[in-house]
Amino acid sequence: MHRWTDPAQTPDSLRRSVATFGNFDGVHLGHRAVLSQLVEEGTRRGLPSVAVTFDPHPAEIFHPEGGLELIAPGRLRDELLAETGLDGLLVLDFTREFAEQTAEEFIVRTFVDTLGVAALVVGADARGFGRAYTGDVGTLRELGATHGFDVVVLDDLGEGERWSSSAVRRHLAAGEVAAAAGILGRPHRMTGTVVHGAHRGRELGYPTANLSDDSLGLVPADGVYAGWLTRTGLATQDPERTLPCAVSVGTNPTFDGTVRTVEAYVLDRTDLDLYDEQVTVEFVEHIRPTLRFESIEELLEAMAGDIEKCRQVLASIVPS
């Protein structure tokens, strides 16, 4: 997938294309349905498929006080988009000036002039683009008729609840990682560098890989989770690449901690040296909330139980 940020630098090979646009936070199943249709449409027409997205997220410009936490920001989002088979990803700098474009100006400048778009593929909920949030599917169809491109619209999708980034955020905030995975189509993930922590896990016989503060991915609710740790620097087929783990999120209240951390213990492994490695941690199932224990003995007993539950959860699951 070719990623670029300057419309003027669009490769000639992508100038006649099929395209879509959106924030794509989390790249959930609703996004993936649109992107799959996009790639299929491109294949059918013999044209490359291109997604257009924005950085930063518009909410960070218009509602910075809201503190929107992104499910998969920046590079993590781009990696997830690349997995869908896209040929190109245009990441536009989102500013207040950019947002002053009318819906027609945005569509014509970005898709007609820059990408020579033959077809736009969007979900039925495509709305709120352009100045004053006026653009919607009806706008796209009118512009398509005027400027000579087709508009392919997919109905809203979801089983039980509509697939949306906001629904994923709600589930993660409640620690409901399995429900979030049902919308994402995969376990929620974080990625970052392993750094030194307080080394309490090692002292207790359960050495953990602590993720750095600048790790990418929304941190779920405090608690213990069954999951997978992937050493992204190793080859895909390396048996040491993806390993079962127990993940702890929280402040370590038993030790009066105040800093919220994400740390993963690879099940039954005390021999790993993961410091400074880039890893991805996936959250498969919530095991229990974070608790304060009155003694180290109680903590160790609980940890042993957590690990056994994680082992049982992961035994029949193939990592993504």
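Quick note on numbering: the numbering used here labels position 106 of the sequence shown as 106, and the sequence is numbered without any gaps.
Just so you know, even glycine gets a beta-carbon here, dropped at the ideal spot from N, CA and C.
Residue i and residue j closer than 8 Å at C-beta
i      : j      : result
Arg16  : Leu47  : yes
His57  : Leu76  : no
Ala323 : Pro187 : The structure shown has nothing for residue 323, since the chain only spans 1 to 320.
Thr208 : Thr280 : no
Val117 : Phe149 : yes
Leu115 : Ala126 : no
Tyr225 : Ile317 : no
Val177 : Val34  : no
Arg32  : Ile61  : no
Val121 : Thr20  : yes
Limits of the unbroken beta strand (DSSP E) element including residue i
i      : result
Gln37  : Premise fails: Gln37 lies in the alpha helix (DSSP H), 29-45, not in any beta strand (DSSP E).
Phe324 : As displayed, the chain neither begins before 1 nor continues past 320, which places residue 324 out of reach and without an answer.
His286 : 278-288
Glu263 : 261-266
Leu120 : 119-123
Leu211 : 209-211
Ala59  : Where Ala59 is concerned, there is no enclosing beta strand (DSSP E), although the alpha helix (DSSP H) it sits in stretches over 58-62.
Phe24  : Taken as a continuous stretch (DSSP letters only), Phe24 belongs to no beta strand (DSSP E), as it is neither H nor E.
Arg3   : 2-4
Phe293 : Here Phe293 belongs to no beta strand (DSSP E), and DSSP marks it neither H nor E.
For residue j and residue i, the rounded distance between their alpha carbons
i      : j      : result
Tyr205 : Thr270 : Note on residue identity: the sequence assigns Gly, not Tyr, to residue 205. Answer to the nearest angstrom: the Cα atoms are 8 Å apart.
Thr110 : Asp273 : 47 Å
Gly175 : Asp222 : 7 Å
Leu184 : Glu100 : 32 Å
Leu89  : Asn23  : 12 Å
Gly144 : Val137 : 10 Å
Ala8   : Met190 : 33 Å
Phe106 : Leu216 : 29 Å
Ser248 : Gly227 : 10 Å
Asp6   : Arg131 : 21 Å
Val11  : Leu92  : Position check: residue 11 holds Pro in this sequence, whereas Val was assumed. Approximately 15 Å between the Cα atoms of the pair.
Gln290 : Phe54  : Reading off the sequence, residue 290 comes out as Thr, not Gln. Answer to the nearest angstrom: the Cα atoms are 36 Å apart.
Asp113 : Tyr265 : 51 Å
Asp78  : Arg202 : 35 Å
Thr251 : Thr258 : 5 Å
Simplified DSSP assignment, three categories, for residue i
i      : result
Leu154 : strand
Pro253 : helix
Val91  : strand
Ser316 : coil
Val108 : helix
Leu143 : helix
His171 : helix
Pro11  : coil
Ala221 : coil
Gly182 : helix
Gly138 : helix
Leu243 : strand
Ile204 : It should be pointed out that residue 204 corresponds to Leu in this sequence rather than to Ile. Three-state result, Leu204: helix.
Arg269 : coil
Sequence-distant residues of its chain with Cβ nearer than 6 Å to residue i (five each side left out)
i      : result
Leu86  : Met1, Ser49, Ala51
Gly135 : Ala103, Phe129
Asp306 : Val224, Ala246, Ile287
Leu218 : Glu69, Ile71, Leu172
Sequence-distant residues of the same chain with beta carbon closer than 7 Å to residue i, five excluded per side
i      : result
Ser13  : Pro48
His377 : Any question about residue 377 goes unanswered here, given that the chain covers just 1 to 320.
Asp155 : Ala124
Arg292 : Pro253, Thr254
Pro73  : Leu216
Gly26  : Ile71, Ala72, Ser165, Val168, Leu184
Close beta carbons around residue i, own chain, < 8 Å, minus the five adjacent residues each side
i      : result
Asn210 : Val194, Val195, His196, Gly197, Thr261, Val262, Glu263
Arg45  : Val18, Ala118, Ala119
Val108 : Leu143, His147
Gly66  : Ala59
Unbroken alpha helix (DSSP H) run spanning residue i, endpoints
i      : result
Arg189 : It is not in any alpha helix (DSSP H) - Arg189 instead sits in the beta strand (DSSP E) that spans 188-195.
Gly66  : Note, Gly66: premise wrong, no alpha helix (DSSP H); not H, not E.
Gly74  : 74-82
Phe98  : 96-99
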